[in-house]
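For the sequence shown, the positions run 0 to 129 when numbering that gives the first Met the number 0 is used.
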Amino acid sequence: MSKAIKFGKFSNKYNYIRCEDGEYFLVPKSKISDPSVLYNKNIPSIKIKSDGDIKFFEFAITPVKLLIYIGICAILSMWLVNISVYLVVLLWSMNLHEFTHMAVAAFTGSDRLIFGCKIKYVIFFYVLYI
């Protein structure tokens with residue numbers, strides 16, 4: 000559990016709540032129209048799990064782990080280029096997208112970043128996530 004320290008309007012349908020541990024929650028306005036009532040109150044941590052997801056790996060981001068991951072992707076790219084250049088482009092496009100999320104999170108001061116890879120919707124989509 001963590002205390003709510005910040006709140007506000009996210010969109011016409013949602014408000015956001017930020018907890019002291021860095022977690023953000025989007026709450027439909029139909030459930031809580033005024034999120035200020037939750038200020039300084041304990042909010043339970045929510046772990047979202049989708050039954051159709053198969054996780055390959057997940058790690059807390061540190062410079063060393065990130066360099067190891069990039070090295071593995073580089074080696075994998077050398078192997079994949081013989082199969083299809085498009086697979087290499089897809090791999091690095093996905094990585095660049097997620098690295099941008101990391102850069103924005105680092106710029107805004109987030110310190111709890113998890114990087115991972117999973118197959119979503121039972122062997123239909125390969126997904127990287129932050």
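For each residue, glycine too, the CB sits at the ideal point set by N, CA and C.
Item, Value
"LEU112 beta carbon near the ligand GTP (any heavy atom closer than 7 Å)", "Summarising the ligand content, the structure contains no ligands, and the ligand GTP is consequently not present."
"C-alpha distance - VAL87 paired with ASP110, whole-angstrom precision", "30 Å"
"CA-to-CA distance, VAL84 to LYS48, given in whole angstroms", "Any reading at LYS48 must be qualified, since the residue scores a pLDDT of 46, below 50, and its modelled position is unreliable; the value itself is stated next. Approximately 33 Å between the Cα atoms of the pair."
"Segment contact, 8 Å Cβ cut-off, at least three pairs: the stretch 98–117 with the stretch 54–72", "yes"
"Inter-residue Cα distance where the pair is HIS100 and ASN11", "24 Å"
"Euclidean distance between Cα positions of LYS117 and PRO34", "33 Å"
"Under 8 Å between C-beta atoms of LYS28 and ASN14", "yes"
"Of the residues GLU19, GLY7, PHE9, the one placed nearest GLY108, counting alpha carbons only", "GLU19"
"Test item: CB-CB of MET93 and LEU65 under 8 Å", "no"
"Cβ-based neighbour list, LYS40, same chain, cut-off 8 Å, excluding 5 preceding and 5 following", "LYS2, ALA3"
"For ILE31 and LEU37, the rounded distance between their alpha carbons", "9 Å"
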